[in-house]
Amino acid sequence: MPAAAVCTDKFRTTAEAMARLHGFDGYRFVAVPHPIASLELPELASLAAATLNEVLAIWEVGE
Amino acid sequence: MTTRTTTGAASDHPVEDKLIDHRQVRRAIEYYYEHGFTDGLPVVPPTESYVAEFLDQVDRAPDEVVAVMAHLNRECTVRIAAVNAIMAGCLPEYFPVVLGILDAMRLDVGARGATRFSSGLWQSTTGTVPITVVNGPVRLRLGFNSQGNVFGPGFRPNATIGRALRLIAMNALGIEPHVLDQSTQSNPAKYTCCIAENEEESPWAPLSVDAGFGPETSTVSLMMMRSCMHIEARSATRPEYLLADIANSVSRTGTLYSELSSCLVVVSPEHAHLLASHGWGKPQVREYLAEHAVCTREAMERAGKIGVSRDMHWLVPAEHPDALAGAEPKFERRGGTDVHRVLSSPDDVVIVVAGAANAGVSTVIDLMGAASSPSGRTGGMTPAISEIYSKDAAATA
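So the protein lines, in turn, are chains F and L.
Numbering-wise, the numbering used here comes out as the position in the first sequence, counting from 1, plus 2.
Numbering-wise, the numbering used here comes out as the position in the second sequence, counting from 1, plus 59.
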């Protein structure tokens with residue numbers, strides 16, 4: 003199943019470190035602007051729409 | 060139990076220059092800073108001969124793995140633990156206690172090799188901090204402080220054993236701030252947090268005996284702390300007055316990220332004797348708190364914690380995009396008011412007696428997790444307890 007990891011940009015450093023630890027240096031993931039936990043639904047929808055192409059780009063590479 | 064031997068003004072006893080080259084000392088100290096091996100404070104430079112003294116305290120192979128963070132592909136051996144214990148300022152005879160803590164970390168292995176205490180809890184934005192409680196004769200033999208200033212400075216075993224755990228986490232397991240340690244703020248206990256139970260001034264059996272160990276067995280108990288709150292109840296004349304203060308602190312909305320919480324209550328000897336003199340044992344205290352640590356619907360609505368999120372079951376505003384439709388915490392009707400119990404059972408309360416017998420003050424520590432949670436996840440609520448072994452078991456036991 004195609005998958006793409008998404009996190010907020012404040013976790014970029016940790017995400018990169020975790021990928022390195024598991025032997026996946028340079029692992030691609032999508033980093034969206036922080037925060038998301040306190041966003042209303044319209045803001046989330048807008049963020050998801052703006053992020054979609056990045057997610058698809060990772061899927062295409064995976065294929 | 061433990062009396063500090065120095066009093067009065069600040070000491071002025073520099074090491075004699077003729078005995079040691081201060082430039083070499085400075086170079087050694089700076090070496091560890093330059094390599095990122097400190098917690099911000101200077102460390103004791105470990106030498107091979109000193110490491111050997113530590114290893115000689117335990118009957119374990121230097122390359123035995125004693126701590127594992129499977130999700131990080133990291134582990135720590137006995138030898139690396141010794142190196143970090145030295146750096147933290149431990150004495151060789153403290154090393155069995157350090158290994159006892161690491162043994163406790165490996166208890167309760169669950170799915171994929173993770174345990175309750177060797178998990179992402181160490182990296183959480185919550186800033187979760189390990190707190191260790193030492194019981195049994197080892198407290199007296201090594202000079203742990205269990206009395207006044209029990210959470211404070213001044214006592215080498217407390218200060219350095221807790222610090223050893225932090226240095227192991229940073230240096231051996233790689234959990235460094237700003238990288239794998241994602242704490243938003245954490246709390247000062249992250250430098251060190253190791254206390255001993257004041258068994259001598261407690262009216263109750265100690266934590267280790269509650270867990271089934273004999274009173275002559277030395278143990279260390281590990282829990283994961285979120286925050287530490289001071290309870291002022293100096294004039295409480297009845298158990299219910301004191302326990303109302305504690306219940307109120309346990310159930311404040313600020314502590315609730317999910318429906319349920321759990322706590323370690325560090326009861327001062329004065330408070331413990333107030334409770335005991337009215338016939339209250341630890342089971343009664345636990346049951347009372349489980350019953351009375353409640354949050355009203357109004358308070359939870361006001362704080363935007365009346366909805367329940369989908370996968371994590373965290374408390375969110377009812378209108379939050381991640382709120383499960385129609386889901387809310389479990390309420391019960393009391394005196395015309397809807398209240399929510401924040402403790403799932405008396406098992407969510409851990410009780411230890413520590414501190415000086417000089418005032419009616421105690422401490423409530425928010426722990427991570429609960430005995431049972433709606434999401435079925437378990438956290439680090441009940442302590443993981445390990446016996447402390449050394450080569451000379453008779454001396455340690």
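Beta carbons are placed, not taken as given, at the ideal position from N, Cα and C, and that holds for glycine.
Proximity winner among the options, relative to residue i (alpha-carbon distances)
| i | options | result |
| --- | --- | --- |
| Val156/L | Thr276/L, Leu180/L, His130/L, Val268/L | Thr276/L |
| Ala126/L | Leu226/L, Glu346/L, Ala362/L | Leu226/L |
| Gly179/L | Asp162/L, Ile220/L, Asn132/L, Tyr92/L | Asn132/L |
| Glu391/L | Glu446/L, Val401/L, Arg138/L | Val401/L |
| Ala228/L | Leu302/L, Leu334/L, Trp181/L, Ala248/L | Trp181/L |
| Val8/F | Ala33/F, Gly25/F, Ala21/F | Ala33/F |
| Glu346/L | Ile305/L, Ala377/L, Gly233/L | Ile305/L |
| Leu281/L | Val420/L, Tyr316/L, Leu158/L | Leu158/L |
| Ala111/L | Arg85/L, Leu150/L, Ile290/L | Leu150/L |
| His94/L | Asn230/L, Arg198/L, Gly221/L | Asn230/L |
| Ala223/L | Gly211/L, Met283/L, Ile160/L | Ile160/L |
| Leu114/L | Ile88/L, Ala303/L, Val142/L | Val142/L |
| Glu259/L | His332/L, Ser368/L, Glu89/L | His332/L |
| Gly394/L | Arg356/L, Leu166/L, Ala362/L | Arg356/L |
| His36/F | Ala50/F, Val57/F, Glu62/F | Ala50/F |
Neighbourhood of residue i by C-beta distance below 7 Å, restricted to the same chain and skipping five residues each side
| i | result |
| --- | --- |
| Arg171/L | With a pLDDT of only 48 at Arg171/L, under the threshold of 50, the placement of this residue in the model should not be trusted; the figure read from the coordinates follows. Ala129. |
| Ala456/L | Confidence at Ala456/L is low in this model, with a pLDDT of 45, below 50, so the placement of that residue is unreliable and no value is reported for it. |
| Glu123/L | Thr136, Val137 |
| Ala270/L | Ile444 |
| Tyr29/F | Ala21 |
Helix, strand or coil at residue i [DSSP, three-state]
| i | result |
| --- | --- |
| Leu150/L | coil |
| His237/L | coil |
| Pro328/L | helix |
| Ser368/L | strand |
| Val197/L | helix |
| Trp339/L | coil |
| Ala382/L | strand |
| Glu391/L | strand |
| His81/L | helix |
| Ala255/L | strand |
| Leu323/L | strand |
| Ile190/L | strand |
| Arg97/L | A small fix is needed here, since residue 97/L is Thr in this sequence, not Arg. Coil at Thr97/L, not helix or strand. |
| His399/L | strand |
| Arg86/L | helix |
| Ala19/F | helix |
| Leu226/L | helix |
| Trp61/F | helix |
| Arg171/L | Unreliable placement is indicated for Arg171/L, whose pLDDT of 48 sits below 50; the coordinate value is still reported in the next sentence. In the structure shown, Arg171/L sits in a helix (DSSP, three-state: H, G or I). |
| Met427/L | coil |
| Ile160/L | helix |
| Arg14/F | helix |
| Trp263/L | coil |
| Met3/F | coil |
Contacting residues, own chain, Cβ-Cβ under 6 Å from residue i (five flanking each side not counted)
| i | result |
| --- | --- |
| Tyr109/L | Ile145 |
| Ile79/L | none |
| Pro388/L | Glu318, His399 |
| Ala5/F | none |
| Met288/L | Ser308, Val423 |
Close-in-space but distant-in-sequence residues of the same chain around residue i (CB under 8 Å, 5 per side omitted)
| i | result |
| --- | --- |
| Phe272/L | Asn194, Gly195, Thr278, Ile444, Glu446 |
| Tyr91/L | Thr97, Pro101, Val102, Pro104, Met146 |
| Ser286/L | Asn246, Thr314, Ile424, Asp425 |
| Gly366/L | Leu374, Val375, Pro376, Ala377, Glu378, His379, Ala382, Leu383, Ala386, Glu387 |
| Arg198/L | Met60, Ser205, Ala255, Glu256, Glu258, Ser277 |
| Thr10/F | Ala33, Val34, Pro35, His36, Pro37, Ile38 |
Check: residue i C-beta below 7 Å from any heavy atom of the ligand COA
| i | result |
| --- | --- |
| Val375/L | Questions concerning the ligand COA fall outside what the structure shown contains, since it holds no ligand whatsoever. |
Beta-carbon neighbours of residue i, restricted to chain B and to distances below 9 Å
| i | result |
| --- | --- |
| Glu42/F | The structure shown contains no chain B; its protein chains are F and L. |
So if I threshold CB-CB distances at 7 Å, which residues from the region 238-270 of chain L count as touching chain F?
Val238, Leu239, Gln241
Would you call the region 241-260 of chain L and the region 311-320 of chain L touching, i.e. three or more CB-CB distances under 8 Å?
no
Cβ contact (3+ pairs, closer than 8 Å) linking the region 248-260 of chain L and the region 210-228 of chain L
yes
Mind listing which residues of the region 5-18 of chain F have their C-beta closer than 8 Å to chain L's C-betas, in chain order?
Phe13, Thr15, Thr16
For the region 200-209 of chain L and the region 403-423 of chain L, state whether three or more C-beta atom pairs, one from each stretch, are separated by less than 8 Å.
yes
The region 117-145 of chain L: which residues have C-beta closer than 9 Å to a C-beta of chain F, in chain order?
His130, Leu131, Asn132, Arg133
Going along the region 225-236 of chain L in order, which residues come within less than 7 Å of chain F, judged by CB to CB distance?
none
Cβ contact (3+ pairs, closer than 8 Å) linking the region 347-355 of chain L and the region 14-34 of chain F
no
Going along the region 378-406 of chain L in order, which residues come within less than 7 Å of chain F, judged by CB to CB distance?
Pro380
Residues from the region 19-30 of chain F in contact with chain L, defined by Cβ distance under 7 Å:
Ala19, Leu23, His24
Whether or not the region 33-52 of chain F and the region 376-396 of chain L are in contact is what I'm after, with contact meaning three or more pairs of Cβ atoms, one per stretch, closer than 8 Å; do they touch?
yes
So if I threshold CB-CB distances at 7 Å, which residues from the region 46-57 of chain F count as touching chain L?
Leu46
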